[in-house]
Amino acid sequence: MRWIPIFLTLTAPVWAGQLQESLNGTWQFSTNETAAVWDTLPVPGNWDTTERYSTYKGKGWYRREFHVPPEWKGKHVRLRFDAVYHDATVTLNGMELGTHIGGYTPFEFDVTDKLKWDGANTVTVCADNTFRRGAWWHWGGISRSVTLISHDGVRLVWQHVRAEPDLNAGTAKIFVRYKLANDGDNDRQVCVSSEVENVKWEKTVTVAARSEQQFELSTTLANVRLWHFDHPNLYRLTTRVAGQEKTDQFGIRKVEVREDGLWLNGEKVRLCGFNRVSDSREYGNTEPDVLVRKDVDLMKRAGANLARLMHYPQAPNLLDYLDEKGMLIWEEIPVWGGTDDPNMKPDNPVTKQWLREMIERDYNHPCIIGWSVGNELLQHYDYVKTMIEYSRVLDPHRLHTYVSYSGARKEYNPTNDPISVSDILLYNSYGPSPGKTAAVLRQKWPKLPIFFSEFGSRQFGASADARIPGLAERWADLKGHPYVIGVSLWTFNDYRSDYKGTPPSGNREWGVVDVNRRPKAAYEEIRQLYSPVRSITIKDGMVRIEPRGPDEIPSYTLRGYKLQWDGGEMPLPVLKPGDPIWTSPIKATKVSLVTPTGYAVAESGSP
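Heads up, the sequence shown is in the numbering used here, so the first residue is 1445 and it goes up one at a time.
So, in C-alpha cells, the structure goes:
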C-alpha cells in the first residue's frame, strides 16, 4: 500500500501594528505613455471590462499620486501589488522599482528611500496582457489591491502552519514555521509569541541586519475539531512580534492518498466538483466577494466538494471562502498546452517563481490538498520532474502533480510520461468512455488513484434548456473503477474567450450556468448526478432515503445532515455508503436534504 499523509493549515491573515494605506480607487489610464490626456479607470479593475478597451491587448499605463502620512517618517515603507496581469513594470517618482512577470500572485518593493515626504508621490504601472496561455480571456490591468505598508525594522513575512492530527487520541501536533525579515541596518533581538485557544508558546531570536531568518516552533492541541468539507472547522492563530500582531485562521485535517483512493480524516471519499473560470463581463477577473460567494454557493448546492478549479493561482478571497464553506482543491500555475509553451523547460526560473509565490501565499489554506505544475503537458518529463522536485521543497506535506491528457495513449508509458513522478494521477477526459480510459491508466500506473480533473463533452449552448450531451452515459461508464476518486466538470460557468472554436457571442458555452450565472438545465442535471444519496422519496407518510454505494461517485459518509421542509426539519443519523435504506414517519410531502453547512443538495423525488 502506498499512502501519502497531508496535514494542515491556515488562512485569512489579519494584521495589527503595521500601518497601511490603500491605493485602491480611481487611477489615470492610457495605452500611450506619452498621451496628453489620460482616461480614468478603477483599481482593482480590468481595462477590457470597458467598451473602449474591450478588446485591447498590449501595454496599458496606470498612474496616480499619493501622499505619505508624516508619522511614517523613520519607518520602512513597502509598496505591494496583490496582482497585475501579466507583466508589470513599476516606477515611483521617475525611478524604476522593478518588473514582475506573472498575473496572479503578489509582489512588492521597498520604497523607503524613494519617497517624497513633503509633497506628492507619483506611481506608474505598465501592465502588459500580451502573454496568453489557455482558452480563457486574459483580462488586463491591476486586478487586485495596491497597498502602501509601513513598519519598524523587523517584520513577520509569513507564518506557515502544519498540523498532524492523531485521529484516535483527538489531539494534533501543531508546527508553525516563521519567516522574519530585518530591513534595518542593525541586528535586532525580538520575542516571537503565538497563541491558539489559550495555548501559548514563544521564542526570542536575533535577526541580523538586512537579512531574513526562518525557524519552527511546535505545540499540541487537545480535543481538536477536524476540518472537513461538510464540517469546515477553523481555528485562529495569533502571533506577536516587534509590535506587530498577525492573526490567521487555520484548519486541521488529515488527507491520505492510498492505492485504493482518497481518504479524509480516516474515511474514504469519492467526490465531485467543477472547473471554474475567473471571468465576468462586469468584473473581469477581479473576483469581488459578491461574485465569489455566489459561485461557490451555487457549486456547493450542486454537491461540489473536490475540484481542480482552474489553470492558475486563485484569488485569496475565493480560497478563504472555500476554507469557510468546505471544498477541496488543487491549485496550479499557468503552464498549459502540448508542445508550444515556451515556459516548459527544466529549472525554469519564471515557473519556479510562479510556484514559489503561489505556495508561499496560499500554503495555509485547508482547502488546498495539492499543487499542480501545469496542464496537458504531453512529453515534458524533465520540466515536470524538476518542478515537482522544487514543489516538494517548498511544501513537503501536500500532494504534487500535473494534469495529463496523454497518459492513456499507446505511445506514453511510465518511462516517458511525467505521471510517474506525480503523487496522484490527474487526467482530463472528454471521450465517451472515461471508464475505459481509467482502466488503461490503472494498468500503467497501478499504485496511483485517478481524479478526472476535467470531465465533460463539448460546448452545448447558452440557452436555459441546454444540457450536456452524453453525460448520463459517461457517468454510467465510471462504475466499477474504485480507484477513481472523483471528477471535476469542465466547466461551471460560460466564459469569455477568443480561442479557436468560440461562438460569435465571444463566450465558450461549456458551463452549467451562463456568463450571468443563470443556471441552465445542465445545472440540475449535474446536481442530480452529484447528489450524495441515490434517492429520497415520500409515500404514505414515510420518507425513504437510499444511500449511495461505495462503488459510486460521489460516495462519502453523511454526518450531521438533516431533512428540511416548510415549517420543520428532521436530523438524520449517520449514513454511510452501502448502508440499507433509511425510513422514518414524516408529515411533509416534499423535503430537501441539507448539509451541515446549510446547502440543499437534493430534494424528494430526485435524483
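For glycine and all other residues, C-beta sits at the position ideal for the given N, C-alpha and C.
Note that the structure is predicted; figures quoted are calculated from it, not measured.
From the options, residue whose alpha carbon lies closest to that of residue i
i, options, result
"Met1986", "Val1534, Thr2027, Arg1952, Gly1542", "Thr2027"
"Cys1570", "Tyr1825, Ala1852, Thr1475", "Thr1475"
"Pro1793", "Met1831, Ser1816, Gly1770, Leu1821", "Met1831"
"Pro1893", "Gly1705, His1824, Pro1840", "Gly1705"
"Ser1835", "Asn1808, Gln1797, Thr2033", "Gln1797"
"Glu1711", "Arg2003, Gly1717, Val1837", "Arg2003"
"Arg1524", "Pro1486, Glu1465, Lys1503, Ser1877", "Glu1465"
"Pro1890", "Tyr1874, Phe1896, Ala1908, Ile1868", "Ile1868"
"Thr1683", "Ile1696, Asn1709, Trp1645, Trp1707", "Trp1645"
Beta-carbon gap between residue i and residue j smaller than 7 Å
i, j, result
"Phe1473", "Tyr1500", "no"
"Gly1584", "Asp1492", "yes"
"Ala1686", "Val1736", "no"
"Val1555", "Leu1536", "yes"
"Ala1746", "Tyr2000", "no"
"Pro1810", "Asp1767", "yes"
"Ala1852", "Thr1881", "yes"
"Leu1541", "Ile1618", "no"
"Thr1494", "Ser1587", "no"
"His1544", "Asn1573", "no"
"Val1651", "Val1598", "yes"
"Val1601", "Val1620", "no"
"Tyr1756", "Val1740", "no"
"Val1865", "Gly1818", "no"
"Gly1914", "Ile1997", "no"
"Gly1955", "Phe1936", "yes"
"Lys1964", "Ala2046", "no"
Residue i - containing beta strand (DSSP E), residue span
i, result
"Arg1702", "1688 to 1702"
"Arg2003", "Arg2003 -> no beta strand (DSSP E), and no H or E assigned at all."
"Ala1920", "No beta strand (DSSP E) holds Ala1920; the alpha helix (DSSP H) holding it covers 1915 to 1921."
"Leu1933", "1928 to 1934"
"Trp1815", "1812 to 1819"
"Gln1633", "1632 to 1640"
"Trp1602", "1598 to 1610"
"Glu1990", "1986 to 1991"
"Ile1803", "Note, Ile1803: premise wrong, no beta strand (DSSP E); alpha helix (DSSP H) at 1793 to 1806."
Buried/exposed call for residue i, threshold 16 Cβ in 10 Å
i, result
"Phe1659", "exposed"
"Met2052", "The structure shown has nothing for residue 2052, since the chain only spans 1445 to 2051."
"His1511", "exposed"
"Ser1724", "buried"
"Ala1479", "exposed"
"Leu1655", "Reading off the sequence, residue 1655 comes out as Ser, not Leu. Counting Cβ neighbours within 10 Å, Ser1655 comes out exposed, since fewer than 16 surround it."
"Gln1887", "exposed"
"Ala1966", "buried"
"Pro1609", "buried"
"Pro2021", "buried"
"Arg1962", "exposed"
"Pro1550", "buried"
"Trp1561", "exposed"
"Ser1901", "buried"
"Gly1502", "exposed"
"Val1668", "buried"
Euclidean distance between Cα positions of residue i and residue j
i, j, result
"Ser1848", "Trp1482", "45 Å"
"Asn1468", "Glu1552", "15 Å"
"Ser1662", "Ser1589", "33 Å"
"Tyr2043", "Lys1519", "48 Å"
"Leu1933", "Leu1715", "12 Å"
"His1582", "Phe1575", "8 Å"
"Ser2036", "Ser2048", "6 Å"
"Thr1795", "Met1788", "8 Å"
"Arg1992", "Gly1924", "14 Å"
"Arg1508", "Asp1629", "31 Å"
"Ala1625", "Met1802", "20 Å"
"Thr1615", "Ala1906", "50 Å"
"Leu2007", "Arg1940", "39 Å"
"Lys1744", "Asn1872", "22 Å"
"Arg1680", "Arg1842", "21 Å"
"Ala1910", "Glu1898", "19 Å"
"Thr1484", "Trp1815", "38 Å"
"Lys1769", "Phe1673", "7 Å"
"Pro1760", "Asp1806", "8 Å"
"Leu1454", "Leu1870", "Because the pLDDT at Leu1454 is just 35, under 50, the model does not fix this residue reliably, and the point stays unresolved."
"Ile2025", "Val2018", "12 Å"
Residue i: first and last residue of the uninterrupted alpha helix (DSSP H) it sits in
i, result
"Glu1969", "1965 to 1973"
"Asn1719", "From DSSP, Asn1719 is part of no alpha helix (DSSP H) but of the beta strand (DSSP E) over 1715 to 1719."
"Leu1838", "1825 to 1838"
"Glu1768", "1760 to 1769"
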